[in-house]
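J.: A single structure is presented below for examination.
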Amino acid sequence: MALNKDTENMILLLSGLNTGQQKVNDIYINQIKQTEEYKALHNLNEYEFITKRAKDLKTNIKGINIERSTISEIQAEHLSLMNAHNDIQDLLQESMVKLSQNNYHIDVILKSKLKELKNSNIDLYTKVKIIMNANTNSAAEAFRKYIQTNARQEIIREYLKICTPDLNAKDNKRAQMFTWGGAIIGAVVFMIALLFLLPVSTNIEYGIIGASLILFILGLFNTHWSLRFYTVALLAAYMLFFIGASFLQDFGRLPETFDSIALRTLHLYGLLAFFGALVGMHVGNKLNFIPSNYSFRFPKFFKYLEKRLTFLTIAFSLFGFIWTHAFFDKVTVFQSIAAAVETFNDEKTISTTAEKESKDKFIGKVTVTSQYANVRTKPTVVDETIFGQVTKGTVLKFYAQKEVSGSIWYHILHEESGKKLWISEIAVQKTQ
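My numbering numbers the first residue of the sequence shown as 11 and each following residue consecutively.
Okay, structure coming up:
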C-alpha cells in the first residue's frame, strides 16, 4: 500500500524542527520501503518488457534512488517511484485487454502470463517474442527485421498488413539491391569460371543457352513479376545484339577480322555473363525474404506484358537461336532458316539412300583445291557436322550431288575411314 498521508505529514513536520535530521530521513526511507510500489518496482524480474518504450521505463525505474540526504530529495524520488508504478500497472492492464482480443501490440506482461500464452496461443506468443527481441516500438519494424533472416510465411503476411509507406520504400530499394547485385556478381563469377575452368567451345555455348532458358522458364512460375520482366529485357537485349550483328554480316558491313575468334570469344563471354546474371538475379531474389512491390514507370503496360512473358521468351529464344546460327555459319538469316527446314526434311532421305548409294558406282570425281577442306556428316556448314579434313590435291570419288541453300554438295567416299561424307563445291573442283 502507499505511504500513509498522516505519516508523511508527521515526517515533514519533524524535519522542520531541525533535530535529528538523519534519523528523520531514515524513518521516511523505511516507511517508503514498506509501500507496495517500492516492493513491486524492485521485483522487475517478474515482468517482461516488450517494446522499447517499456524497456526505457524499466531503465528509468532502476535509476530511482530514495537514499537521499534531504527530505525534499527523498520526497521527489518517492513521487517518481509512484508515477512509475502507476505507469507499469496501466500498461499491464492495457496489455491484458489486448491479449484477450488476440492483439500483439502490448508493452508489458508478467512472465507467468507469457508462459501461459505460449501454451494457449503459440502464434500470438511468437509475434510478441519477435517484437520483444527487436527492441523497437513498431511491430512492423520488428517483423521486418525478423524476416530478413527467416522466411516464415505467417510473419510475412502479418508484416504486409501493417507495413508503412516508409518501410515499403526501404523494401523496394532492398529488393533492387538483391536483384541487381546478384546479377552483377553472377555475371562476374561465371565469366571468371570460364576464364580458368572451361575451354572455348561451341558445345558450351549451346549448353549455356539451354540451361539459361530452362532456368528462366522455371523462374516464371515463382518469382516477382517485375523480376521476370527484367529477365525478359536482359534476354531481349542479348538476342537483339546478335540479330543486329547478323544483319551487318548479311550486308557485308562486318569486318572480317572482327568476324572470327575474337567475335566468338565475345559471344561466349556475353552468353555466359547473361546466364550468370540470370542465376544471380534469381538467387538474389530468393535470398531476400522481405516482400516488395517495386515496379516500373508504366505498370499497366508491363502488367499487360506479364501475361505474355512465356510467349515472348519462346519467340526470342527461337529467333535468337536462328540468327546466332546464321551469324556464325556465315549465311544469311533466310538461308539459315531454309537450310534448317531442308536439312530436317532430308535427313530421313539421306539415311535411307545411303545403303543404296554404297552399292552403286561413283558418278564422278572432284579434286580438293583449298589448302584444307572439311568433310562433313551432313550437307550443312554447322560446326557439329565436321568429321575431318582432306588436303589440297586429294582426289575424291562422289556418288551423288545435292543443292542446299544455293550451294552444291558432293557425297564423297572418305578413303581413310571408308565412310560416305559430304564436301562443299567451294573447296573442290569437279574433274570427271
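C-beta atoms are modelled at their ideal positions from N, C-alpha and C, and glycine is treated no differently. This structure is a prediction, so every number in the text was calculated from the model and none was measured.
For residue 188 and residue 300, I'd like the C-alpha separation in whole angstroms.
T.: Stepping through the sequence shown from its first residue, residue 188 is reached at position 178. Stepping through the sequence shown from its first residue, residue 300 is reached at position 290. Computed Cα separation, rounded: 11 Å.
J.: Here's the rule: buried if 16 or more other CB atoms are within 10 angstroms of the residue's CB, otherwise exposed. What is residue 389?
T.: What you label residue 389 is simply residue 379 of the sequence shown in a count that begins at 1. Residue 389 comes out buried.
J.: Find the nearest neighbour of residue 374 within the set 406, 155, 385, 396, judged by alpha-carbon distance.
T.: For the purposes of this step, residue 374 is taken as residue 364 along the sequence shown, with counting starting at 1. Closest by alpha carbon: 406.
J.: Sorted by chain position, which residues of the same chain lie with C-beta nearer than 8 Å to residue 124's C-beta, five sequence neighbours on each side aside?
T.: Here the question's residue 124 lines up with position 114 in the sequence shown. The answer, listed in chain order, is 58, 135, 138.
J.: Check each candidate in 434, 110, 372 and name the one with the smallest Cα separation from residue 423.
T.: For the purposes of this step, residue 423 is taken as residue 413 along the sequence shown, with counting starting at 1. Per the Cα distances, 372.
J.: Assuming the contact rule is C-beta atoms closer than 8 Å, residue 106 and residue 193 should be a hit. Round their C-beta distance to whole Å, please.
T.: If you number the sequence shown from 1, residue 106 lands on position 96. If you number the sequence shown from 1, residue 193 lands on position 183. The pair is not a contact, with the Cβ atoms about 50 Å apart (cut-off 8 Å).
J.: Leaving out five residues on either side along the sequence, give the residues of the same chain with a beta carbon under 6 Å from the beta carbon of residue 109.
T.: For this step, residue 109 is matched to residue 99 along the sequence shown. Nothing listed; no residue qualifies.
J.: Using C-beta distances below 7 Å, list every residue in its chain close to residue 434, excluding the 5 sequence neighbours before and after it, in chain order.
T.: Against the sequence shown, residue 434 aligns to sequence position 424. So the list reads 417, 419, once near-sequence residues are dropped.
J.: With distances taken from CA atoms, which of 384, 413, 396 is nearest residue 402?
T.: Here the question's residue 402 lines up with position 392 in the sequence shown. When each option's Cα is compared against that of residue 402, the closest is 384.
J.: If I measure Cβ to Cβ from residue 283 and keep anything under 6 Å in the same chain, skipping five residues before and after, which residues do I get?
T.: Translated into positions along the sequence shown, residue 283 becomes position 273. The residues 197, 201, in chain order, have a CB closer than 6 Å to that of residue 283 in the same chain once the five nearest residues on each side in sequence are set aside.
J.: Which term fits residue 54, buried or exposed, when burial requires 16 or more other beta carbons within 10 angstroms of its beta carbon?
T.: Looking up residue 54 in the sequence shown gives position 44. Exposed, because fewer than 16 other Cβ atoms sit within 10 Å of the Cβ of residue 54.
J.: Is the beta carbon of residue 84 closer than 8 Å to that of residue 48?
T.: By 1-based counting over the sequence shown, the position of residue 48 is 38. By 1-based counting over the sequence shown, the position of residue 84 is 74. No, they are not a contact pair.
J.: Which value, in whole angstroms, describes the spacing of the CA atoms of residue 429 and residue 285?
T.: As a position in the sequence shown, residue 429 is number 419, starting the count at 1. As a position in the sequence shown, residue 285 is number 275, starting the count at 1. Distance between the alpha carbons of residue 429 and residue 285: 39 Å.
J.: Could you round the C-beta distance between residue 167 and residue 298 to whole angstroms and report it? I think they count as a contact, below 8 Å.
T.: For the purposes of this step, residue 167 is identified with residue 157 of the sequence shown, where counting begins at 1. For the purposes of this step, residue 298 is identified with residue 288 of the sequence shown, where counting begins at 1. Not a contact, Cβ separation roughly 17 Å.
J.: Looking only at C-alpha atoms, which of 45, 432, 126 sits nearest to residue 413?
T.: In the sequence shown, residue 413 corresponds to position 403, counting from 1. Ranking 45, 432, 126 by Cα distance to residue 413 puts 432 first.
J.: Please classify residue 46 as buried or exposed, where buried requires at least 16 neighbouring CB atoms within 10 angstroms.
T.: For this step, residue 46 is matched to residue 36 along the sequence shown. Exposed, by the Cβ-count rule.
J.: Let me make sure I understand the geometry here. Which of 74, 387, 294, 77 has the alpha-carbon closest to that of residue 186?
T.: Taking the first residue of the sequence shown as position 1, residue 186 is located at position 176. Among 74, 387, 294, 77, the Cα nearest to that of residue 186 is on 294.
J.: Determine the direct distance from the alpha carbon of residue 117 to that of residue 174, and round the result to whole angstroms.
T.: Your numbering for residue 174 matches position 164 in the sequence shown. Your numbering for residue 117 matches position 107 in the sequence shown. Approximately 20 Å, taken between the alpha carbons.
J.: Can you tell me where the alpha helix (DSSP H) with residue 384 in it begins and where it stops?
T.: Start at 1 with the first residue of the sequence shown, and residue 384 comes out as number 374. Unbroken run through residue 384 is the beta strand (DSSP E), 382 to 386; no alpha helix (DSSP H).
J.: Taking DSSP's pairing of strands, which residues face residue 164 in a bridge?
T.: Reading the sequence shown from its first residue, position 154 is the one you call residue 164. Per DSSP, none; premise fails for residue 164.
J.: Does DSSP put residue 114 in a helix, a strand or coil?
T.: Here residue 114 refers to the residue found at position 104 when the sequence shown is read from its first residue. Residue 114: coil per DSSP, three-state reduction.
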